[in-house]
Structures are given as structure tokens and as C-alpha cells.
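J.: Take this structure, written in C-alpha cells, and hold onto it; I'll ask about it next.
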Amino acid sequence: MYPSLSRVKHAGEGHHIPVAGEVARSGSIGVVSTYPSAEIPATLFDDADKEDRWRARFSAPRVSMPDWARDAPERSLYVSNVSGTWELYAWDRADDSHRQVTDRPNGTFHGTLAADGKHIWWFDDTDGDEFGVWRSEPFEKHDTAAVEALPGTHAGYPAGLELGSSVLALGMSTDDGVTVWISRDGAAPTVIYQHEQDGGLTGMSWDESLLVLSHSEHGDSRHPALRVLRSADGSKLAEKWDGSGLGLGALDFAPVSGDTRLLVSHERYGREELLIWDVATDTETELDLGLPGEVAADWYPDGSALLIAHTHQARTTLYRYEIATGTLVRLPTSKGTVGAASVRPDGAVEYTWSSAAVPGRVRVLSREGEDSVLLTPGGVRPPESQPVEDVFVPVPHGPNDTVHALLARPEDAGDEPLPTVFSLHGGPHAADEDRFSSYRAAWLEAGFAVVEVNYRGSTGYGSAWRDAIEGRPGLTELEDVALVQDWAIDNGLTTPELSVVAGASWGGYLTLLALGTQPDRWACGVAGVPVADYVSAFADEMEPLRAYDRALFGGSPEELPEVYRECSPITHVDRVRAPVLVLAGDNDPRCPIQQVLNYLDRLGERELPFEFYRYDAGHGSLVIAETLKQVATEIHFARRTVGNH
Numbered sequence: 002m003y004p005s006l007s008r009v010k011h012a013g014e015g016h017h018i019p020v021a022g023e024v025a026r027s028g029s030i031g032v033v034s035t036y037p038s039a040e041i042p043a044t045l046f047d048d049a050d051k052e053d054r055w056r057a058r059f060s061a062p063r064v065s066m067p068d069w070a071r072d073a074p075e076r077s078l079y080v081s082n083v084s085g086t087w088e089l090y091a092w093d094r095a096d097d098s099h100r101q102v103t104d105r106p107n108g109t110f111h112g113t114l115a116a117d118g119k120h121i122w123w124f125d126d127t128d129g130d131e132f133g134v135w136r137s138e139p140f141e142k143h144d145t146a147a148v149e150a151l152p153g154t155h156a157g158y159p160a161g162l163e164l165g166s167s168v169l170a171l172g173m174s175t176d177d178g179v180t181v182w183i184s185r186d187g188a189a190p191t192v193i194y195q196h197e198q199d200g201g202l203t204g205m206s207w208d209e210s211l212l213v214l215s216h217s218e219h220g221d222s223r224h225p226a227l228r229v230l231r232s233a234d235g236s237k238l239a240e241k242w243d244g245s246g247l248g249l250g251a252l253d254f255a256p257v258s259g260d261t262r263l264l265v266s267h268e269r270y271g272r273e274e275l276l277i278w279d280v281a282t283d284t285e286t287e288l289d290l291g292l293p294g295e296v297a298a299d300w301y302p303d304g305s306a307l308l309i310a311h312t313h314q315a316r317t318t319l320y321r322y323e324i325a326t327g328t329l330v331r332l333p334t335s336k337g338t339v340g341a342a343s344v345r346p347d348g349a350v351e352y353t354w355s356s357a358a359v360p361g362r363v364r365v366l367s368r369e370g371e372d373s374v375l376l377t378p379g380g381v382r383p384p385e386s387q388p389v390e391d392v393f394v395p396v397p398h399g400p401n402d403t404v405h406a407l408l409a410r411p412e413d414a415g416d417e418p419l420p421t422v423f424s425l426h427g428g429p430h431a432a433d434e435d436r437f438s439s440y441r442a443a444w445l446e447a448g449f450a451v452v453e454v455n456y457r458g459s460t461g462y463g464s465a466w467r468d469a470i471e472g473r474p475g476l477t478e479l480e481d482v483a484l485v486q487d488w489a490i491d492n493g494l495t496t497p498e499l500s501v502v503a504g505a506s507w508g509g510y511l512t513l514l515a516l517g518t519q520p521d522r523w524a525c526g527v528a529g530v531p532v533a534d535y536v537s538a539f540a541d542e543m544e545p546l547r548a549y550d551r552a553l554f555g556g557s558p559e560e561l562p563e564v565y566r567e568c569s570p571i572t573h574v575d576r577v578r579a580p581v582l583v584l585a586g587d588n589d590p591r592c593p594i595q596q597v598l599n600y601l602d603r604l605g606e607r608e609l610p611f612e613f614y615r616y617d618a619g620h621g622s623l624v625i626a627e628t629l630k631q632v633a634t635e636i637h638f639a640r641r642t643v644g645n646h
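Numbering-wise, the sequence shown is residues 2 to 646 according to the numbering used here.
If you want it as C-alpha cells, here you go:
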């Protein structure tokens with residue numbers, strides 16, 4: 002899978018097992034700093050039931066959707082928080098036995114299985130810095146330490162991994178660019194692709210003769226192109242690029258030996274849609290499904306049909322699509338969000354599902370249409386929470402007519418204005434959905450309404466909406482946030498004196514920028530792992546994100562100094578009037594620590610009330626106790642600012 006290069010802070014909730022390149026969070030322990038330290042409450046509530054409920058939503062045992070070995074589907078791998086830290090677990094379906102595979106202080110979230118199911122590969126970084134190597138160990142219980150999985154490659158940021166029976170292919174990204182190696186029949190790996198521009202390995206054909214790369218040799222990593230190589234010698238078989246501003250994504254080859262059809266995501270008509278590309282003949286078939294919103298897909302085992310995941314207005318529906326006839330049949334899933342879905346060799350569909358009110362489950366839909374729970378970790382289920390309401394606020398600037406937001410109210414909310422947290426998602430190419438969130442539920446338990454804004458830059462609302470922030474990131478999104486806040490105030494939900502702006506990663510960046518550019522709107526801000534000083538962040542961040550930022554801004558800080566200056570929170574720090582809590586990790590490669598300290602230094606010069614929570618990890622935490630501590634600190638800070646409602 003191509004690396005996820007956005008600034009998204011994952012909470013470990015409802016995510017499938019990531020393969021090479023997905024964003025991981027790592028664990029942390031709070032450390033002492035020279036800045037005003039955040040107050041960490043021992044409890045949030047005097048009411049014991051409330052205290053137990055909010056903590057249980059994070060700490061109750063949960064599991065991700067299981068992956069399985071291509072040629073040994075009875076062997077599976079998933080992640081779970083059963084131990085108190087998100088770690089990898091092996092599941093032998095033949096005898097329903099489970100064992101914990103990894104046991105690291107900061108947790109493990111990247112893992113996959115060898116094709117024959119005999120070995121587990123997992124990514125080994127250092128304290129959440131996302132830079133490391135792949136390690137391998139036997140699927141069955143063992144007493145030896147994991148070993149470097151593919152000696153002869155170098156450490157880096159994951160940029161793709163494909164494990165076949167005779168062919169292994171691995172991608173790594175460093176400050177020098179991306180490198181992809183191939184190893185055949187256990188031989189030493191050789192370089193099959195190398196380039197200074199960002200890219201990665203995204204797929205391998207079922208017979209292992211072809212590899213597909215996603216690349217940005219044209220200079221725009223937000224809108225990648227595709228290249229298919231012969232694994233035998235690395236020669237190019239086919240190339241596809243739709244031109245400036247139009248990205249392509251390789252989803253997967255048909256799961257049939259000798260089948261050269263590649264399922265591809267494109268955006269030729271202003272949204273994410275599908276085509277089937279026969280790379281051997283270089284012919285393609287666009288699929289017009291007649292669905293609003295955007296779609297992704299996976300193959301059924303015989304290659305005759307597709308499992309379609311349709312996203313529209315923050316919710317997901319699943320369909321089976323017969324390629325020969327064009328027949329589209331909806332599968333019976335409940336209203337909410339499907340986090341991951343895949344088709345088993347027997348045709349059953351396994352998927353994760355949740356809604357804002359109902360915690361997630363790993364479910365299976367049999368070929369006969371029977372829907373049941375597939376996998377449970379045991380223990381007590383997380384308590385349920387409140388549903389979300391759709392809010393569509395008219396926008397004068399387009400490209401859509403409205404900005405979509407999700408509103409959740411505390412169970413006992415009356416008619417009076419409520420303390421309200423405007424929770425801004427990371428990414429920016431991500432979106433808030435009607436899915437279960439322990440974080441949202443904790444704010445609701447504390448008496449806050451929660452408004453989640455799918456501002457311009459969010460995915461799921463068309464390409465033009467997603468790309469509208471290019472050339473002016475941050476400030477563009479905040480125009481939409483302001484419109485939604487105005488709606489909330491006009492409708493009596495809240496007031497500026499009760500409005501909290503909060504977010505992590507890109508959401509943390511927007512939070513700091515909002516406090517400086519919209520000082521009259523906010524009572525306080527909570528900024529987790531933010532971009533605070535964009536020029537300094539650009540200099541220190543991982544190279545794949547520098548490539549992303551160049552595409553987002555239209556160039557580097559040297560080329561566009563005024564744009565970076567205007568869109569950087571530190572530029573507007575002298576206008577900040579509201580108290581702010583900042584949380585940051587020492588080893589964060591996406592939002593590096595030094596640029597956060599630069600911002601705090603400027604805050605300190607003004608004697609403005611602020612607090613700082615610093616921890617020894619990367620872009621978040623896989624340790625449940627640490628997550629609880631951070632969430633409690635955030636809510637405690639906001640309650641002290643807007644009043645203990």
C-alpha cells in the first residue's frame with residue numbers, strides 16, 4: 002500500500018491492520034519541560050459511573066479486522082489493545098488459537114503475513130519515529146528473537162511491501178528519495194526502482210510477475226501516477242498518468258494467476274471512481290456505478306466481481322458489482338461507517354463497522370447473506386455513546402454548495418447554549434464520519450457538544466473540494482470552520498465564550514492558526530502534535546511530507562516564502578488571546594518538536610496563559626494509559642477555561 006503521507010493522528014480505533022506505509026502512532030510517557038506544564042487530573046468526574054464509562058471506552062478490549070495469508074487463509078493477523086498497548090496478534094483459525102506476537106513498550110501497529118503464512122513481518126521503529134526496518138518471526142510460538150526480514154535493504158520510512166511465494170518486494174523512503182528492492186527465491190535483494198521524488202510500491206500480480214509503483218516523478222505527490230514493472234528484470238511494461246491535478250491509485254491486481262487486470266482509482270470526473278486497467282494490453286474500462294459520493298473496491302476471489310465500498314456524507318455502504326453484467330447489489334450492513342472490508346477465499350465478506358453511538362465490531366457476511374460477529378477480544382464491551390446529526394451549512398465560495406458537519410450533543414443537553422468543542426480532523430485529506438470515537442464520547446460525557454467539520458481539504462466530497470486548499474492551506478479550511486461556528490451560534494447551540502477549537506496533527510495546526518487568525522471566536526484551544534512554525538517544520542520533517550507540502554503549497558518555503566509565512570501559526574502568534582494547551586512528541590517526524598518549541602517561546606514572550614504536555618514518542622500513542630492521560634488533560638484544560646459545566 003502506498004504510504005499515507007498526511008498528518009493524521011490515529012487513535013487505534015476501528016483501523017484495519019496497516020500494511021507497509023500507513024501512519025502509525027507510538028507510545029509515550031510524559032516528561033518534564035521548561036514550559037508551563039499541563040495539569041493532569043487524577044479523575045475527570047466525581048461521579049464514579051461517568052469516570053468508569055469514559056475510561057472504559059478507551060480501555061475495553063478491541064480488535065482490528067484480521068488480515069490473512071494469501072496461500073494459507075486460515076492464518077490471520079490482527080491488532081488489539083488487550084494488553085493495554087496496541088500490539089500484533091496471530092490467529093490460527095483452524096483451531097481458533099490466538100497469541101500475542103509483539104510486545105514493545107510503545108506498541109506495534111504495522112504488520113502483515115508471508116504468502117504461505119509461516120512468518121509474520123512487523124515494522125520496527127524507534128519510539129514512534131516511524132523510521133526503521135521490517136522484522137520477521139515464525140507464525141507459530143517461538144523462543145527466538147525476530148530477525149531483520151530482508152537483509153541488504155536499508156532503514157527508512159515504509160514505502161510499500163509485497164510478499165509473494167517466490168518474490169519479495171520492499172520499498173523504503175529516506176531524505177534521498179524512495180528505493181524499491183526485489184528478492185527472488187531467497188536471493189539477495191536488488192534495487193528495482195529509485196528516485197528522488199516521493200513514491201512507493203503498491204501492488205504485485207497474483208503470479209508475481211508484475212509490480213506496480215505509485216510515483217510523483219512529475220513533482221506532485223498529491224496526485225500520483227502509476228508504473229507497472231516486470232519483476233524479472235525491472236523493465237517497464239505500462240505507464241498511466243492522467244495529467245496535472247488528477248491522481249491515480251492502484252488498488253490491487255485481480256486475484257487470479259496470469260490475470261493482468263489492475264483495479265485503479267481515478268478522479269477524471271471530479272471524484273474518486275474506478276477503472277479496470279489490463280496492463281498487458283494497456284486497455285482500460287471505466288466503471289460507472291451510478292452512486293453519489295466516492296468509491297473504493299476489492300476483488301472477489303475469482304475476479305468476476307468487485308466488493309464496492311461507497312462513501313457518501315460521512316457514511317459507508319457496501320455493494321457487490323458483477324463486472325460482466327454491470328449488476329450492482331447492496332449488501333445488508335447497518336447505517337454507519339465501514340472501516341475496512343475484504344472478501345475471503347470462500348466469498349464471505351469480513352468488515353469492521355461502527356456508528357457514532359455503537360462501538361465497533363469485526364463482522365462477517367456469509368455468501369448466504371447471514372451477518373454475524375466474527376471476532377471478539379472478550380471482556381466488557383465499550384459503553385455506547387450519542388448519535389451524530391448531519392449539519393449542512395451553505396457556503397458562498399464553493400466548489401460545493403454546503404460544508405458538511407457532524408453534531409453530537411450530551412445526553413442531558415437542554416436548550417441553553419452549551420460549551421462546544423469544534424473538533425478538526427487531521428490529514429487534511431481525511432474526514433470525520435458517523436463512526437464510534439472514544440474521544441468524541443469523552444467530550445460528550447464532560448458536558449460538551451461536539452461539532453466535527455469536514456472543511457475544504459476533506460476527502461469524500463469530490464476532488465475539487467479536497468484540492469480547494471492548494472496554494473492557501475489552513476486559512477481556507479478555517480473559513481469553513483467559521484461558517485459552521487456561525488451556524489452553531491445563530492441556532493443557540495453555543496457562544497464564542499463557550500467555543501473550544503481542538504484537533505491533532507493537521508487539526509492541531511488548524512487549531513493554532515485559528516487562535517491567531519480568528520481570536521474573537523475561541524475561548525481556548527487544544528492543539529495536539531501540531532504544525533506550529535511551518536518553515537521550521539518543513540526543514541525538519543520526513544522527506545515524504547516535504548514532497549507533500551511542496552505539492553500542497555505549490556513549492557518550497559524558499560520558492561514561496563510569503564505563502565508559507567501567511568499560512569504559518571507562528572506568524573499570527575501575537576494576535577492569540579485565548580489560553581492554549583499544546584501536546585507534542587519528542588520523536589515526531591511529521592510535526593517535529595523544535596518547531597513547536599519555537600511557537601511556545603513566542604507565546605512565553607507574551608505572558609499568555611498556555612500549558613504544554615510533552616511526551617517521549619512520535620505522532621501519538623498506542624499505549625492506552627498514555628492516551629487516557631492525554632485526553633483527561635485536554636478536557637480538564639477546556640473545562641477550566643469555559644467553566645465546569
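Using N, Cα and C, we set each Cβ at its ideal position, and we do this for glycine too.
Remember, it's a predicted structure, so these values are computed and weren't measured experimentally.
Buried or exposed: which applies to Q596, given that a residue is buried once 16 or more other Cβ atoms fall within 10 Å of its Cβ?
T.: The residue is buried, with at least 16 neighbouring Cβ atoms inside 10 Å.
J.: Roughly how far, in whole angstroms, is the beta-carbon of P429 from the beta-carbon of G458, given that I think they are within contact range, below 8 angstroms?
T.: That pair is a contact at about 4 angstroms.
J.: Residues in its own chain within less than 7 angstroms of Y320 by CB, not counting five upstream and five downstream?
T.: Cβ neighbours of Y320 beyond the five flanking positions: I309, H311, L329, V330, R331 and L332.
J.: Short of 6 angstroms in beta carbon distance, which residues of its chain neighbour V502, apart from the five on each side in sequence? Order them along the chain.
T.: F423, T512, A515, W523 and G526, listed in sequence order.
J.: Roughly how many angstroms separate the alpha carbons of A76 and A538, rounded to a whole number?
T.: The sequence given here has Arg at residue 76, not Ala. Cα to Cα, R76 sits roughly 42 angstroms from A538.
J.: Is DSSP giving K630 helix, strand or coil here?
T.: Note: K630 maps to helix in three-state DSSP.
J.: Please list, in chain order, all residues of the same chain as A12 whose beta carbon is under 8 angstroms from its beta carbon, the five residues on each side excluded.
T.: At A12 the pLDDT is 36, less than 50, meaning the model places this residue with poor confidence and gives no usable figure here.
J.: Could you give the DSSP three-state label for L637: helix, strand or coil?
T.: Here the sequence assigns His to residue 637, which means Leu is not the residue at that position. Helix at H637.
J.: How would you write the range of the alpha helix (DSSP H) that E52 sits in, first residue to last?
T.: Here the alpha helix (DSSP H) through E52 covers A49 to S60.
J.: Please state the DSSP three-state secondary structure of I490.
T.: Three-state result, I490: helix.
J.: Buried or exposed: R576, going by 16 or more other Cβ atoms within 10 Å of its Cβ?
T.: Exposed, because fewer than 16 other Cβ atoms sit within 10 Å of the Cβ of R576.
J.: Let me check one thing: in DSSP terms, what residues is G250 bridge-paired to?
T.: G250 is bridged to S266.
J.: The alpha helix (DSSP H) that contains N599, what's its start and end?
T.: Start and end: I594 to E606.
J.: Classify V33 as buried or exposed, calling it buried when 16 or more other Cβ atoms lie within 10 Å of its own Cβ.
T.: Confidence at V33 is low in this model, with a pLDDT of 39, below 50, so its placement is unreliable and the value that follows should be read with caution. By the 10 Å Cβ count, V33 comes out exposed.
J.: Considering only the alpha carbon of each residue, which of G246, V181, E131 and G129 lies closest to S464?
T.: When each option's Cα is compared against that of S464, the closest is G246.
J.: Taking all protein chains shown into account, decide if E287 is buried (16 or more other Cβ within 10 angstroms of its Cβ) or exposed.
T.: So E287 counts as exposed.
J.: Just to confirm the assignment, what range does the alpha helix (DSSP H) spanning F554 have?
T.: Where F554 is concerned, the enclosing alpha helix (DSSP H) stretches over E544 to F554.
J.: Flag this pair as yes or no: are the beta carbons of T113 and L78 separated by less than 8 angstroms?
T.: Taking 8 angstroms as the Cβ cut-off, T113 and L78 qualify as a contacting pair.
J.: Would P531 and C592 be called neighbours here (beta carbons separated by less than 8 angstroms)?
T.: Cβ atoms of P531 and C592: closer than 8 angstroms.
J.: In chain order, which continuous runs of the alpha helix (DSSP H) of length 4 or greater are located wholly inside the region 465-546?
T.: Segments of the alpha helix (DSSP H) lying fully in the region 465-546: 476-491, 507-518 and 535-541.
J.: Could you check if S305 is buried or exposed, using at least 16 other CB atoms within 10 Å of its CB as the buried criterion?
T.: Per the 10 Å Cβ criterion, exposed.
J.: Return yes when at least one heavy atom of the ligand ATP lies under 7 angstroms from the C-beta of D602, else no.
T.: Judged by which ligands are present, the structure shown has none, so any question about the ligand ATP falls away.
J.: Note down the Cα distance separating S236 from S210, rounded to an integer number of angstroms.
T.: Distance between the alpha carbons of S236 and S210 is about 11 angstroms.
J.: Any chance the region 380-390 sits against the region 363-370, with 3 or more Cβ pairs inside 8 angstroms?
T.: Contact fails: fewer than three Cβ-Cβ distances are below 8 angstroms.
J.: Starting from W122, trace the beta strand (DSSP E) in both directions and tell me its first and last residue.
T.: H120 to D126 is the span of the beta strand (DSSP E), which, as asked, contains W122.
J.: If the criterion is Cβ atoms closer than 8 angstroms, does the pair A469 and P400 meet it?
T.: Cβ distance < 8 angstroms, so A469 and P400 count as in contact.
J.: Just reading off the beta strand (DSSP E) that V404 is part of, what are its end residues?
T.: Where V404 is concerned, the enclosing beta strand (DSSP E) stretches over T403 to A409.
J.: By the DSSP assignment, the beta strand (DSSP E) with R100 in it spans what residues?
T.: Per DSSP, R100 belongs to the beta strand (DSSP E) from S98 to Q101.
J.: Please report how far the alpha carbon of G201 lies from the alpha carbon of H216, in whole angstroms.
T.: Near 6 angstroms, if we compare the C-alpha coordinates of H216 and G201.
J.: Let me check understanding here. Comparing Cα to Cα, which of A95, A533 and V134 lies closest to V574?
T.: That would be A533, whose Cα lies nearest to the Cα of V574.
J.: Helix, strand or coil: how does DSSP classify D260 here?
T.: Three-state result, D260: coil.
J.: Is it the case that the Cβ atoms of V296 and E273 are separated by a distance below 8 angstroms?
T.: Cβ atoms of V296 and E273: closer than 8 angstroms.
J.: With a cut-off of 8 angstroms, do at least 3 Cβ pairs link the region 408-415 to the region 87-95?
T.: The region 408-415 is not in contact with the region 87-95.
J.: Using the C-alpha atoms, what's the distance from G165 back to S184?
T.: Approximately 10 angstroms between the Cα atoms of the pair.
J.: Please state the DSSP three-state secondary structure of R566.
T.: If DSSP states are grouped into helix, strand and coil, R566 belongs with the helices.
J.: What residues in its chain sit with their C-beta under 8 angstroms from that of E218, if we drop five residues either side in the sequence?
T.: Excluding positions up to five away in sequence, the list reads H196, Q198, G200 and A226.
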